[in-house]
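Colleague: My structure is below; once you've seen it, I'll send some questions.
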Ligand code: DGT
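In the working numbering, the protein residues as written are 955 to 1093.
Encoded structure:
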């Protein structure tokens, strides 16, 4: 039987994130002030709700966060990371087609970055493992 502390340590969040490309640039949003990981640049997306299909979660998040209707492309990478007691499993999907103009409905700022610019940004730790693979995808 596991103690409550041990169970707490196993909190695990599945998260979907989008690699939204326009030519050789990729769209990132800056996490809003006052929340976790504030001020860091992240790939748009968010938590998968219970019983939700990952692609549906990403479509929903992109509508809520950016106001776009996106067609979700292939799943490219998965990476896991722990922030203290919470683990995140991040699934990165490619998004090449959408309608609407991305707007910062959730982020403090949205910006398109080239691969060299991406490498200079402050990103959540969880993204460090996959940055090289994302950059390779943009070439
Ligand atoms: P919070 O403040 O941690 O409750 O989360 P929210 O509601 O701001 O976060 P949400 O729904 O975007 O959840 C995503 C979680 O995954 C959050 O803990 C941050 C983490 N994460 C790490 N890298 C990324 C990334 O590139 N994109 C997104 N969307 N989340 C990331």
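Don't be surprised by glycine CBs; every beta carbon is placed ideally from N, CA and C.
Reducing DSSP to helix, strand and coil, say where residue 1034 ends up.
Modeller: Reduced to three states, the DSSP call for residue 1034 is strand.
Colleague: Does the stretch 1065-1074 come within contact of the stretch 998-1014, defined as at least 3 CB pairs closer than 8 Å?
Modeller: Output reads no: the stretch 998-1014 does not touch the stretch 1065-1074.
Colleague: From the DSSP secondary-structure annotation, give me the bridge partner or partners of residue 982.
Modeller: Residue 982 is bridged to 1065.
Colleague: Name the DSSP beta bridge partners of residue 1046, please?
Modeller: Paired residues: 971, 1031.
Colleague: Since residue 1001 sits in a beta bridge, which residues does DSSP pair it with?
Modeller: BP columns for residue 1001 point to 969.
Colleague: Tell me, please, which residues DSSP counts as bridged to residue 1040.
Modeller: According to DSSP, which records beta bridges pairwise, residue 1040 is partnered with 1037.
Colleague: From residue 1036 to residue 1056, what distance separates their C-alpha atoms?
Modeller: Straight-line Cα distance between these residues: approximately 29 Å.
Colleague: With respect to the alpha helix (DSSP H) encompassing residue 1015, which residues constitute its N-terminal and C-terminal limits?
Modeller: Segment 1008-1020, the alpha helix (DSSP H) holding residue 1015.
Colleague: Need the endpoints of the beta strand (DSSP E) that residue 1024 sits in, please.
Modeller: It spans 1023-1025 - the beta strand (DSSP E) in which residue 1024 sits, taken as one unbroken run.
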